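Residue numbers (full-length UniProt numbering): 1 to 273.
Glycine included, each C-beta is placed from N, C-alpha and C at the ideal position.
It should be emphasised that the depicted structure is a prediction, and the values quoted were computed from it without experimental measurement.
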């Protein structure tokens, strides 16, 4: 059995297929772990979701910010961004089935035999594994409610609160979790969330900002696998982190990390050849 972790697919289904062919992925015995942002900027979000859903228990996913935004667009709370190329998906006969399946997916996954935590954007350094599981599960339960659009999705498009504290309640607590797990890149020196800077660390000259993975963390003994930050191009220079977003949808490549032999395999965007 092999565990494969794949970076932000973003609808680049052909590249995903080619990548899985390269490694001989067998869903009968192997598992595919996807770091979120399954849909958007690539050309085939519909095929991507249908394929991942078809894998059943062989696929382990987390939701990214684009996946949550899809829920808002399909629920008519937000307009689709033309750059997201979602028209075919939104018009599909099985869109409701796919949306309900997405709502069942978590914001965090843990692979105990390899001590790996997977989220879309990262893990707040103030959280240990137990806190991560609790907070992510509370958001998952809110997503499964029949009124998830009104109670959760409609209220997630706010940047605050930026500070974690245990007396947060209700939507504010959920929003902090969503923002941290699906949008986080940099933190201020006091550990609060920052949402504007997307530069890679070597190009960021603001000494008051540090990448979230550069902080002392309560999950420092875990291997943290994440995507979201394409500008990193897979490099953190920090032990026990695996950054897998390598900007396939922007013409770069899709990255697969095979855990057992610690090997990374890539597939170049087919339109950039």
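Meets three-Cβ-pair contact criterion under 8 Å: the region 107-121 and the region 220-232: yes
Residues of its chain near residue 1, where Cβ-Cβ distance is below 8 Å and the 5 sequence neighbours each way are ignored: 29, 30, 31
DSSP-derived helix/strand/coil call for residue 236: coil
Completely contained beta strand (DSSP E) runs for the region 90-132, where each covers 3 or more residues: 109-111, 116-118
Proximity of residue 61 and residue 52 at Cβ, strictly below 8 Å: yes
Residue span of the beta strand (DSSP E) that contains residue 31, given as start and end: 31-34
Backbone CA spacing between residue 18 and residue 170 [nearest angstrom]: 43 Å
Residue 265 (DSSP reduced to helix, strand or coil): strand
Residue range of the unbroken alpha helix (DSSP H) whose run includes residue 13: 13-23
Selected residue, minimal CA-CA separation from residue 77, among 157, 117, 10, 213: 157
Run of the beta strand (DSSP E) containing residue 78, from where it starts to where it stops: No beta strand (DSSP E) contains residue 78, which DSSP labels as neither H nor E.
Contact check, residue 67 vs residue 35, beta carbons under 8 Å: no
Candidates 181, 204, 48, of which the one nearest residue 134 by Cα: 181
Rounded straight-line distance, which links the Cα of residue 130 to that of residue 237: 26 Å
Which residues DSSP lists as bridging residue 225, in chain order: 118, 242
Helix, strand or coil at residue 194 [DSSP, three-state]: strand
DSSP-derived helix/strand/coil call for residue 40: coil
Cβ contact (3+ pairs, closer than 8 Å) linking the region 2-21 and the region 239-259: yes
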